[in-house]
Each structure stands twice: as structure tokens, then as C-alpha cells.
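Here the working numbering is used: position 334 in the sequence shown is 334, and no number is missing along the way.
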Amino acid sequence: MGNVGCPLNELLLNELRFWLRIMKEHALFIRLGLPCNETRLIQMAQDFESRFAELEEKSKAVSPGRGLDQLANDSLKAVLEFIQYKTLVLDRIIECRMGGANYPLLIDHIRREAIRFAINIIRFRRGELMTPTEELIQNEVFWLRIMADHAKFIAHLLDPSERKFVCQAEMFSDTFDNLRCQSEDFESMLEITPRPIPSLLRFTAEVKEAGTEIRNFKAAATQLLTNCKILSLIPPLLADHVRREAEKFLMDLDRDLRMLKQMPAPSAPPCATSPPVLENTGDVSQEESLKKSDNTGLHEKEQGTETLSPTDAEQTTESFAETGGSKTFAESSAEISETVAEKLKEDFAAPLQPIYRPKKTFFTGNTTQVKINFK
Ligand SMILES: [Fe+2]
């Protein structure tokens, strides 16, 4: 990773700075929920907390050109061990071999986050990026489940007498469960030829809106907890922890939408072997299929550094719908056919963007296999 100015290094450093603090706090939360007789597990949690605190401090001094490789290596090693530790704790809880106050879903949740962190270190170091559409969908699938879990934890850790807040948290839980299901539907529908179809962009605007609402809810809850104005079992640090994750969710979405805006030309479906030849038959379905394969509507917008607001996404969606212009099909079919032919030639001359296909399992280097569960 010698390329100091590489945006992937910036991305990697941001991930490290964010997740190292999160990992440190996970170790603390696990420790607080362990039964007091589990002294060995408590000590291990304490060790992880100190280890991640040290790495977090180092991440503040590191820059893409200085010490990033070493920090990434050390962080990956620590997080792989932490995944094993979380797995051990989870297995004991779900087999009723250990009590305590850690919900099984909480341990599963923080293990998923650790796995995502490990995978991002690996793929950013290898330069394995997905296409912008795939990045967007994968981020939505991951974060929507995380947000739904947070809402459930809040609902179950508030004092039952706090009816209004419990009810609000349950509503967030339903909202994010539904959004998550829909994101998985998009993931399935667009698996073969990922592309930013208008309905995905409309859906993303809805996701951003819901993400902003839950972020504000968590910020308000953090404030109330800090000022002792609400009854619950939630430590203020946990409320702030989930608020920061909501911020990260929104930042990841903004980054994905920026990447989509800057995306060069759309890629052709991988199964095409020759350019489609259009005959002037007036067949509407041919025209529609051309529109689908040409998502140039995205590039009509100026490339800016500003993030996309829901309104921007709606406008982008509209520009998709307008693709096709004012020419009649008969007038433009020959012209389009030529453009498509050239486009396909270009696309197949150069390899497509490297696509990262998340692996379901990977090895920690010894004999212990870490199972990866993305969803
Ligand atoms: Fe979380």
C-alpha cells in the first residue's frame, strides 16, 4: 500500500478511527453484562478494551503515508481475535451455559459489526471495491439491520414505565425491519446486473430520512440520559455509541451517493456478447430495454462534492425517467444503436471495476475458522 494519495487509504483510516473506538466500547459493554463469577471472560474483555484503546490512540497519530500499514495489520489481528471471543460468549449464552445481562442479539449484533470491520480492513487494503450500486445496497442491508437492532435494544432497556419512549422505539424497530427487508429485495433483484434504478434511489431517500430521524431520537435520548431525565438501564455511553453509529450510517450513505454521481459510464450486463441491433419495428419493449441499459441520467447532474439530500435523489430519479429525450424512437434508434455498440466495445475492452464478493468464511491464520454472517 505504497500509494499515499490513494482514496482507499483515506477510507481505510476513517474506518479504523471509527471502528477501533466502537470495538473498545463493545469490550466494556460485554464486561458490564457478564456474570461476576466469569472472572476469566471478564479479564479477557478488560484486555480487549485496553488493546483497542491503544490502537485507537495510535490511529489518531497515523496518516496514510505514516504507519497505516502497521496499524491496519495490528487492528485486523485484534479484531479477528475479538470475533472469536464474541463467538465464544454468544455460544455460551445461547446454550444457556452462562447468565448475565447481555442479550444474545446484542452479542450477535456487535459480532456482525466486528466482522464488517475486519472485512473492510481486508478489502480496502486489497483495493477490492464493489461497484457503487453494490456498495450502496450492501451498506443499506448492513446498516438497516443495525438500526433495527438498536431500536429493539432501546425499547427493551428503557424502564417499562416510560411508555411514550418505548412506543417510539418500537415504531423505529418496525420501520427499520421493513426497510431492511426491502433492501434485501433490491439486493436480490439487482444481484446480476447492479445499477442505480430509479426505485432504488427513491428507496435510498426514504432510508436517509428514517436514518436522520433515528439519529435525532438517539441524540435526544443521550441528552435525557446524561441529565438523568429518563428511567432506563441504558448507560449514557451506550446511547452515544448507537448515535455515533447512526451518524456513520448516514455518512456511508452520502459517500455511496457521491460515488454514484461520479460513476463513469454504466457497465453493460455481463451476459451480453454482442451489441443489440435495433430494428425500427416500433416495438416499445425494445425502447424500454434500451432505457434500462443506459442510466446516463445520473451523469447529467453536475459532479459536486455536496452530499445528496432526499430531494437531490428524487431529482436524480426524475432525470432517469427522462432518459430518452424528445426524439421519437424511430428517429433515434439508429443513433442509439451505434452508441450502445461503442459503449459495449469500450466496456469489454477494459476490465470492469473489481467486484468484491464477500466470502462467507475466512481463516484467522491458524486452524480456527471464523464464520462470517453478513445479515
Ligand atoms: Fe451497533
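Cβ atoms here follow ideal geometry from the backbone N, Cα and C, with glycine treated the same way.
Here's the rule I'm using: 16 or more other beta-carbon atoms within 10 Å means buried, otherwise exposed. How should residue i be labelled?
| i | result |
| --- | --- |
| methionine 251 | exposed |
| threonine 317 | Any answer about threonine 317 is weak, because its pLDDT of 39 lies below 50 and its placement is not dependable; what the coordinates show is given next. That one is buried. |
| asparagine 139 | buried |
| lysine 60 | exposed |
| lysine 164 | exposed |
| glutamate 49 | buried |
| glutamate 134 | buried |
| lysine 229 | exposed |
| threonine 131 | buried |
| proline 196 | buried |
| glycine 67 | exposed |
| aspartate 283 | Because the pLDDT of aspartate 283 is 42, which lies under 50, any placement of that residue in the model is unreliable, and the question is left without a value. |
| glycine 65 | exposed |
| leucine 233 | exposed |
| aspartate 47 | exposed |
| asparagine 227 | exposed |
| isoleucine 121 | buried |
| serine 199 | exposed |
| leucine 16 | buried |
| serine 188 | exposed |
| serine 183 | buried |
| leucine 12 | buried |
| aspartate 256 | buried |
| alanine 78 | buried |
| arginine 51 | buried |
| glutamate 380 | In the structure displayed, the chain extends from 1 to 375; residue 380 sits before or after that span and is not available. |
| arginine 357 | Only weak support exists for where arginine 357 lies, its pLDDT of 47 falling under 50; the value from the coordinates is given anyway. Exposed, because fewer than 16 other Cβ atoms sit within 10 Å of the Cβ of arginine 357. |
| isoleucine 107 | buried |
| asparagine 102 | buried |
Using alpha carbons as the reference points, say which of the options lies closest to residue i.
| i | options | result |
| --- | --- | --- |
| alanine 53 | Leu20, Ile42 and Gln84 | Leu20 |
| valine 242 | Met259, Asn9, Pro7 and Phe18 | Phe18 |
| proline 104 | Ala118, Phe153 and Asn216 | Phe153 |
| leucine 8 | Arg31, Arg126, Ala61 and Glu38 | Arg126 |
| leucine 34 | Ile94, Leu12, Met98 and Lys58 | Met98 |
| leucine 260 | Pro194, Leu32, Ala151 and Leu55 | Pro194 |
| isoleucine 146 | Asn73, Leu158 and Ala114 | Ala114 |
| alanine 395 | Gln84, Ala169, Glu38 and Val141 | The structure shown has nothing for residue 395, since the chain only spans 1 to 375. |
| threonine 204 | Val141, Ile83, His150 and Leu157 | Val141 |
| isoleucine 137 | Glu15, Phe249 and Lys24 | Phe249 |
| methionine 171 | Ile214, Ser161 and Pro64 | Ile214 |
| histidine 109 | Met44, Leu76 and Ile30 | Ile30 |
| asparagine 73 | Asp91, Phe124 and Asp254 | Phe124 |
| proline 235 | Ala246, Val166 and Ala221 | Ala221 |
| aspartate 177 | Leu158, Glu162, Arg202 and Ala151 | Ala151 |
| arginine 111 | Cys96, Glu95, Leu90 and Ser173 | Leu90 |
| leucine 224 | Met44, Glu191, Leu106 and Glu162 | Glu162 |
| glycine 211 | Phe186, Thr175, Leu237 and Glu81 | Thr175 |
| alanine 246 | Gln262, Phe217 and Leu88 | Phe217 |
| arginine 258 | Leu231, Leu201 and Ala219 | Leu201 |
| phenylalanine 88 | Leu41, Ala101 and Glu57 | Per the sequence presented here, residue 88 reads as leucine, with phenylalanine not at that position. When only C-alpha atoms are compared, the closest one is Leu41. |
| tryptophan 143 | Cys181, Leu157 and Pro160 | Cys181 |
What residue range is occupied by the uninterrupted alpha helix (DSSP H) comprising residue i?
| i | result |
| --- | --- |
| glycine 211 | 198–226 |
| isoleucine 137 | 132–157 |
| alanine 382 | Lying before the first or after the last residue shown, residue 382 is absent from the chain, which here runs from 1 to 375. |
| leucine 101 | Going by the sequence as given, residue 101 is alanine instead of leucine. Note, alanine 101: premise wrong, no alpha helix (DSSP H); not H, not E. |
| asparagine 73 | 68–94 |
| threonine 175 | 163–189 |
| leucine 250 | 236–262 |
| glycine 33 | 7–33 |
Quick one: what's residue i bridged to in DSSP?
| i | result |
| --- | --- |
| serine 59 | Bridge partners of serine 59: none, in fact. |
| serine 232 | Leu158 |
From the beta carbon of residue i, is the nearest beta carbon of chain D less than 8 Å away?
| i | result |
| --- | --- |
| glutamate 134 | Annotation note: the requested chain D is absent from the structure, which comprises a single protein chain. |
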